[in-house]
Amino acid sequence: MNFLTAMMATEGSLVVDIFRFLGQKLAAFTVIDYVRSVLDILLLAFILYAAVRFLWDRRAGKLLMGLAIWMLAILLSRLLGLVAVGTILDILSEAGIVVLVLIFQPEIRDALEKLGGEPMKNFKNLSADMDAEATVEGINAICEAATEMARSKTGALIVIERSTKLGDIIRSGVEVDSKLTPYMLRSVFFPNSPLHDGAVVIRNMRVCSAGCLLPLTRRQDVDPNLGTRHRAALGMSEACDAVIIVVSEETGTISLAYNRNLTRDYTSQTLKLRLSEILLSTHSASHARKEDKAK
Amino acid sequence: MKRRRFFAARRFFRRFNPWLFLVCILLAIVIWCAAMYVQSPGGLSAAALSALHVSV
Numbered sequence: 015m016n017f018l019t020a021m022m023a024t025e026g027s028l029v030v031d032i033f034r035f036l037g038q039k040l041a042a043f044t045v046i047d048y049v050r051s052v053l054d055i056l057l058l059a060f061i062l063y064a065a066v067r068f069l070w071d072r073r074a075g076k077l078l079m080g081l082a083i084w085m086l087a088i089l090l091s092r093l094l095g096l097v098a099v100g101t102i103l104d105i106l107s108e109a110g111i112v113v114l115v116l117i118f119q120p121e122i123r124d125a126l127e128k129l130g131g132e133p134m135k136n137f138k139n140l141s142a143d144m145d146a147e148a149t150v151e152g153i154n155a156i157c158e159a160a161t162e163m164a165r166s167k168t169g170a171l172i173v174i175e176r177s178t179k180l181g182d183i184i185r186s187g188v189e190v191d192s193k194l195t196p197y198m199l200r201s202v203f204f205p206n207s208p209l210h211d212g213a214v215v216i217r218n219m220r221v222c223s224a225g226c227l228l229p230l231t232r233r234q235d236v237d238p239n240l241g242t243r244h245r246a247a248l249g250m251s252e253a254c255d256a257v258i259i260v261v262s263e264e265t266g267t268i269s270l271a272y273n274r275n276l277t278r279d280y281t282s283q284t285l286k287l288r289l290s291e292i293l294l295s296t297h298s299a300s301h302a303r304k305e306d307k308a309k
Numbered sequence: 012m013k014r015r016r017f018f019a020a021r022r023f024f025r026r027f028n029p030w031l032f033l034v035c036i037l038l039a040i041v042i043w044c045a046a047m048y049v050q051s052p053g054g055l056s057a058a059a060l061s062a063l064h065v066s067v
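Residue numbers (this note's numbering), protein chains in the order written: chain A, 15 to 309; chain B, 12 to 67.
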């Protein structure tokens with residue numbers, strides 16, 4: 015009890031000391047200092063907000079909560095003078111930074127990719143219209159192939175690479191590097207063909223690789239009726255900014271996974287519109303929409 | 012391009028949580044105060060921090 019009182023007294027005097035110091039410091043502030051400090055605080059608040067929002071809907075959110083509880087336990091063990099528990103927590107905490115980096119590795123990677131990806135994406139938009147024609151042709155080929163495969167209930171998994179490079183996924187399959195045509199896609203996914211099992215990766219609107227392995231989603235809230243192909247599509251959409259198209263072997267429905275979401279029951283027209291929206295600039299997407307209306 | 016930026020901005024504000032941002036501002040003020048105190052010449056030195064058993 016004496017220890018607790020002493021600790022509280024020390025902390026109390028520290029708080030008083032900090033307030034006294036801040037009072038003196040703020041009194042000596044100029045207008046520029048105030049503006050700089052407000053900017054500093056707002057920027058820090060925005061970084062904290064972005065970090066919390068980023069971790070909120072990820073598994074790391076719960077890990078972060080676990081970490082907070084862990085730190086609270088260390089603080090309590092110190093305050094209450096629990097020597098044995100405190101020592102064990104201390105020993106375990108020493109390896110904490112390495113463990114943290116290991117645990118948060120996918121999130122750190124994701125965050126850095128987003129940080130580097132977003133400004134680059136905006137920069138890339140400047141030259142987007144240049145290869146819009148090739149993209150429209152590619153979209154048409156994918157839609158035609160997907161519709162045909164849906165009709166014949168042929169399972170298919172098509173990944174369209176965007177700003178995140180998928181070299182590791184491409185290397186897991188067989189390199190093809192062919193022109194993107196509906197016939198090419200249909201022959202890859204033709205039942206019992208050597209490359210039909212796995213995903214096709216499309217890079218720069220060319221069939222880059224086939225028979226590729228994709229990471230499965232670990233989400234628990236996925237419809238249990240969805241098979242491995244849909245889970246792989248969702249897993250891939252969680253790992254990067256690629257667009258993934260799935261044709262179900264059982265039901266013949268076309269689904270699209272993008273940005274951690276899986277949307278289902280696409281027709282040829284709606285798939286074309288959605289792909290145009292994602293892959294083309296606004297101008298080209300509206301152009302595609304007008305073309306469709308004209309038809 | 013402008014329209015897409017407008018929609019991106021609208022999506023951002025729709026998802027914006029003012030209460031969470033308020034908590035973040037309060038936390039940022041606390042961190043700012045602590046940083047000012049620690050970095051000042053008369054503030055806490057590294058030795059004083061370790062003496063207080065402040066762990067990271």
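Even for Gly, the Cβ is constructed at its ideal location relative to N, Cα and C. Here the structure is a predicted model, which means the values were calculated and not measured.
Rounded separation between V49/B and V30/A - CA only
For this step, residue 49/B is matched to residue 38 along the second sequence. For this step, residue 30/A is matched to residue 16 along the first sequence. If you take the alpha carbons of V49/B and V30/A, they lie about 14 Å apart.
In chain B, what lies closer than 8 Å to Y272/A by C-beta?
Position 258 of the first sequence, counted from the first residue, corresponds to residue 272/A. Chain B residues near Y272/A: none, gap ~14 Å exceeds 8 Å.
From F27/B to I61/A, what distance separates their C-alpha atoms?
As a position in the second sequence, residue 27/B is number 16, starting the count at 1. As a position in the first sequence, residue 61/A is number 47, starting the count at 1. Each residue's alpha carbon lies about 14 Å from the other.
Partners in chain B for V66/A, counting only beta-carbon separations shorter than 8 Å:
On the first sequence, residue 66/A is found 52 positions in, with the first residue counted as 1. V66/A reaches chain B at L31, C35, counting residues in chain order whose Cβ is nearer than 8 Å.
Can you list, in chain order, the residues of its chain with a C-beta nearer than 8 Å to that of E189/A? Leave out the 5 residues immediately preceding and following it.
Here residue 189/A is taken as the residue at index 175 of the first sequence, counted from 1. Closer than 8 Å at the Cβ level, and outside the excluded window around E189/A, lie C222, S223.
Start-to-end residues for the beta strand (DSSP E) that takes in G225/A:
In the first sequence, counting from the first residue as 1, residue 225/A sits at position 211. Where G225/A is concerned, the enclosing beta strand (DSSP E) stretches over 220 to 226.
For a quick check, are the C-beta atoms of I216/A and I172/A less than 8 Å apart?
Position 202 of the first sequence, counting from 1, holds the residue named residue 216/A. Position 158 of the first sequence, counting from 1, holds the residue named residue 172/A. Result yes, Cβ atoms of I216/A and I172/A sit closer than 8 Å.
Quick one: complete beta strand (DSSP E) runs, 3+ long, within the stretch 204 to 261 of chain A?
Entirely contained in the stretch 204 to 261 of chain A, the beta strand (DSSP E) runs reaching 3 residues are, in chain order, 213 to 217, 220 to 226, 257 to 261.
Closer than 7 Å by beta-carbon distance: list the chain B residues that pair up with F203/A, in chain order.
Numbered from its first residue, the first sequence carries residue 203/A at position 189. Within 7 Å Cβ-Cβ: nothing; F203/A doesn't reach chain B, min ~33 Å.
So is D54/A in contact with chain B if we call contact Cβ pairs under 8 Å?
Residue mapping note: residue 54/A aligns to position 40 of the first sequence, counting from 1. D54/A counts as touching chain B.
Touch test, the stretch 152 to 160 of chain A against the stretch 230 to 250 of chain A, Cβ-Cβ under 8 Å, three pairs minimum:
Taking a cut-off of 8 Å for Cβ pairs, the stretch 152 to 160 of chain A and the stretch 230 to 250 of chain A do not touch, as fewer than three such pairs fall below it.
Apply the 10 Å Cβ neighbour rule to A155/A and answer buried if 16 or more other Cβ atoms are within range, or exposed otherwise.
Working through the first sequence from its first residue, we reach residue 155/A at position 141. Counting the other Cβ atoms within 10 Å of the Cβ of A155/A gives 16 or more, which makes it buried.
Is any heavy atom of the ligand FMN found at a distance shorter than 7 Å from the C-beta of G181/A?
Ligands are entirely absent from the displayed structure, and the ligand FMN is therefore not among its contents.
Using 8 Å as the Cβ pair cut-off and three pairs as the minimum, do the stretch 183 to 197 of chain A and the stretch 280 to 289 of chain A touch?
These segments do not touch.
Any idea which residues DSSP pairs L276/A with across the strands?
Walking along the first sequence from the start, residue 276/A turns up at place 262. A271/A, per the DSSP bridge assignment.
Closest Cα partner of I258/A within the set G95/A, A247/A, M219/A
The residue labelled residue 258/A in the question sits at position 244 within the first sequence. Here the closest residue by C-alpha is A247/A.
Partners in chain B for L36/A, counting only beta-carbon separations shorter than 8 Å
Looking up residue 36/A in the first sequence gives position 22. What L36/A touches in chain B, judged by beta-carbon distance under 8 Å, is C44, M47, Y48, going in chain order.
Beta-carbon proximity of V261/A to A164/A, cut-off 8 Å:
Looking up residue 261/A in the first sequence gives position 247. Looking up residue 164/A in the first sequence gives position 150. In this structure, A164/A lies closer than 8 Å to V261/A by Cβ.
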